[in-house]
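Using UniProt numbering, the letters of the sequence shown map in sequence onto residues 1 to 368. Just so you know, even glycine gets a beta-carbon here, dropped at the ideal spot from N, CA and C. Treat the numbers as computed from the prediction; the structure is a model and nothing was measured.
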Amino acid sequence: MTQFKLGHAADNDWQQAAEQVIEQLGSCDGCNLAFLYVTDDFNNELSKLLRLLKERTAIPHWVGTVGSGICCTNTEYYDRPALAVLACQFPEESFSVFDLSREEQNTITRTDDYDFSLRPAVVHGDPRNGHLPQLIDELPEKLGNGYLIGGLTSSEQHYFQVADDLTEGSLSGVVFKDIPMVTGLSQGCTPITEPRKLTSCDHHMAITIDNRPALDVFKEDIGEVLARDIDRAAGYIFAAFPVRGSDTGDYLVRNVIGFDPENNLLAIGEHMSPDTPIMFCRRDGKSAVEDMQRMLADVKKRLGDAKPKGGLYMTCLGRGRHLFGENSEEMKMISEALGDIPLVGFYANGEIAGQRLYGYTGVLTLFL
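1. Check each candidate in SER27, GLN24, GLN355 and ILE22 and name the one with the smallest Cα separation from ARG244.
2. Exposed or buried, what is LEU368 when buried is set at 16 or more other beta-carbons lying within 10 Å of its beta-carbon?
3. Would you call the CB atoms of ASP343 and THR39 closer than 8 Å?
4. With 16 as the cutoff for other CB atoms within 10 Å, does VAL162 come out buried or exposed?
5. Give me the Cα-Cα distance between GLU138 and GLY146, rounded to the nearest whole angstrom.
6. At 3 residues or longer, what runs of the beta strand (DSSP E) sit wholly inside the UniProt domain "FIST C-domain" (214-355)?
7. Considering only the alpha carbon of each residue, which of ALA353, SER335, ALA121 and ASN32 lies closest to CYS88?
8. Measuring straight from C-alpha to C-alpha, what distance separates PHE218 and PHE280?
9. Check the C-beta distance from HIS314 over to GLY151 and give it rounded, since I have them as a contact under 8 Å.
10. Under the assumption that VAL174 contacts VAL97 (Cβ atoms under 8 Å), give the Cβ distance between them as a whole number of angstroms.
11. What is the rounded straight-line gap between the Cα of LEU135 and the Cα of PRO120?
12. Whole angstroms are fine: how far does the CA of GLU224 sit from the CA of SER170?
13. Which whole-angstrom value describes the C-beta separation of CYS201 and ILE192, a residue pair presumed to lie in contact below a C-beta threshold of 8 Å?
14. Taking only runs of the alpha helix (DSSP H) that begin and end inside the region 125-152, which ones reach a length of at least 4 residues, in chain order?
15. Would the beta-carbon of GLY184 fall within 8 Å of that of LEU49?
16. Look at the alpha carbon of LEU46 and the alpha carbon of GLY130, and state the distance between them as a whole number of angstroms.
17. Considering only DSSP beta bridges, list what LEU36 is partnered with.
18. On the DSSP bridge assignment, give the partners of VAL363 in chain order.
19. At the level of alpha carbons, what is the spacing between ILE70 and TYR251?
20. For GLY7, is the classification buried or exposed, using 16 other Cβ atoms within 10 angstroms of its Cβ as the cut-off for buried?
21. Assuming contact is defined by CB atoms lying nearer than 8 Å, are LEU323 and ASN349 in contact in what I supplied?
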């Protein structure tokens, strides 16, 4: 198979939407794994959708989840019932679907005769699970040289995932072996300061930064105009934690969730530890476009002459139309740089790359 098969549709009637997708996919002979993403509007119909798609395509293995929005080649779907399917063909022994909410997880247990080749896994997580950061950190070791790619379900109803059947509550997905891939990560926020040091904190509360009151440092870094009314900084200014050992200047973005002016404290959406590097960053469309262009140029360079069969794009629900524009601009950027590769994905409540949970990023994965 030179390229994987893509089908996508929006329709108030789930059966009509499914029929359109099935028609676009055409013959799925040889396809043995499909990725399925649906918008929140199809949450209650996901079980019926999955059953119909399985019956009509005869594809045995399915992986996916629900998003507040979904995306595919050149197209973004928001605020309406929609689904997107990528039908793939891989060597039979090269992948295994898993679900950490089930007890029998022999398929992802590292074995003594393991050959130490990279085992990438596409994963979907339930944001309600308080142990998710720990699971994301531990799973690559369980896989043995594992590398995670994925995102957290974003929904206002059920937090369903697809791992052959419907599931929820933990991590699920598919692990690969000996499948060549190229991945890229794009940040949606730009640092406005050099890294400082979080010198004291209590769980989510930053007490001092560089041995000074945390809120004073925050006001100094964001500038006089925003500091006059710090509530205006919400949704625009974020905390960022540089990744130790990263040779690319990577950082994890977290929300600033509150202020305590009386005690000069700053609340951040992260369980923090003292002596951690910290900086502040801003979110804006110009920065997001520039970093997306950088990421795509890097991916194109690493692809060389290789022609991707298809791919996945997990992007933050705060990106898309909010940063790039209303006319599916984020997805069109990918096609402009790399051509019309069959792609599917969703707008996530957090993005996963490696052993880390990101925010405001886009994670692109291409299968070669």
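Looking at the coordinates:
1. GLN355
2. exposed
3. First, the amino acid is wrong: residue 343 is Leu here, not Asp. No, the pair does not count as a contact, with Cβ atoms beyond the cut-off.
4. buried
5. 10 Å
6. 237-242, 251-260, 265-268, 276-283, 310-316, 343-348 and 351-354
7. ASN32
8. 8 Å
9. Note that residue 314 is Met in the sequence shown, not His. Going by Cβ atoms, the distance from MET314 to GLY151 rounds to 4 Å, so yes, they are a contact pair.
10. 5 Å
11. 15 Å
12. 43 Å
13. So it is not a contact: roughly 21 Å between Cβ atoms.
14. 132-143
15. no
16. 25 Å
17. GLY64 and VAL85
18. LEU185 and MET314
19. 25 Å
20. buried
21. no
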